[in-house]
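> Have a look at this one before I ask anything.
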Amino acid sequence: MVVVRAAAVVVVVAVAAAVVVVVVTITDPLSAQVHTDPLGTAAWNAVTHGVKRWVLFEPSTPKRIAPCRIYRPGEDTEAIMYFDFLLPRLKEAYPDVRCYEGLQHPGDLIFVPGDWWHGVLNLEDCVAVTQNY
Ligand SMILES: [Fe+2]
40 MVVVRAAAVV VVVAVAAAVV VVVVTITDPL SAQVHTDPLG TAAWNAVTHG VKRWVLFEPS
100 TPKRIAPCRI YRPGEDTEAI MYFDFLLPRL KEAYPDVRCY EGLQHPGDLI FVPGDWWHGV
160 LNLEDCVAVT QNY
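Numbering (my numbering), first residue to last: 40 to 172.
Right under this line is the structure:
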């Protein structure tokens with residue numbers, strides 16, 4: 040079964056009596072703000088086309104720091120603002136906070152452990168497959 044919602048395609052695949060839900064995302068450069076996934080779930084994400092920029096923070100990072108919702112005039116909640124402006128300010132203000140950053144290219148798979156803060160910016164149009172569990 041294939042369900043199309045917004046920019047995501049949800050594919051439900053029956054595999055040996057188990058049902059696996061996989062989300063294929065085809066997204067523009069806007070992406071996702073820093074967040075933790077619901078119910079403490081972990082996730083994996085595999086890119087087939089495009090490049091994603093990721094940032095992750097350990098679960099012990101305070102909620103007031105990782106999402107860093109302190110905006111200046113002209114800034115908004117888009118991920119590009121976070122990566123371009125808020126994240127550099129956060130790292131300067133809290134140099135002891137560990138953040139893990141990297142680029143994900145086609146063929147790369149990233150694992151996001153449960154309760155880890157994470158945000159992603161699609162640097163170009165991307166096609167990816169992801170699953171929370
Ligand atoms: Fe997420």
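All residues carry an ideal CB built from backbone N, CA and C; glycine is no exception.
In angstroms with no decimal places, state the Cα-to-Cα distance between Gly153 and Pro112.
About 33 Å.
> Applying the criterion that 16 or more other CB atoms from any shown protein chain within 10 Å of the CB defines a buried residue, is Val43 buried or exposed?
A caution first: Val43 carries a pLDDT of 35, below 50, which makes its placement in the model unreliable, though a value can still be read off. Result: exposed.
> Classify Gly158 as buried or exposed, calling it buried when 16 or more other Cβ atoms lie within 10 Å of its own Cβ.
The residue in question, Gly158, is buried, as its Cβ has 16 or more Cβ neighbours within 10 Å.
> Cα separation between Val6 and Glu163?
Here the chain covers residues 40 to 172 and nothing more, so residue 6 does not appear.
> Which one of Gly146, Thr75 and Arg128 has the shortest CA to CA distance from Glu97?
Of the listed residues, the one whose Cα sits closest to Glu97 is Thr75.
> Could you tell me which residues DSSP puts in a beta bridge with Gln170?
In DSSP, Gln170 forms a bridge with Trp83.
> State yes or no: is the C-beta of Ala105 nearer than 7 Å to some heavy atom of ligand 1?
For ligand 1, not one heavy atom lies less than 7 Å from the Cβ of Ala105.
> Using beta-carbon positions only, say whether Ala71 and Thr169 come within less than 8 Å of one another.
No.
> Out of curiosity, what's the CA-to-CA distance linking Leu125 and Trp93?
Those two C-alpha atoms are separated by around 14 Å.
> Rounded to the nearest angstrom, what separates Leu129 and Ala105 at their Cα positions?
So the alpha carbons of these two residues sit roughly 8 Å apart.
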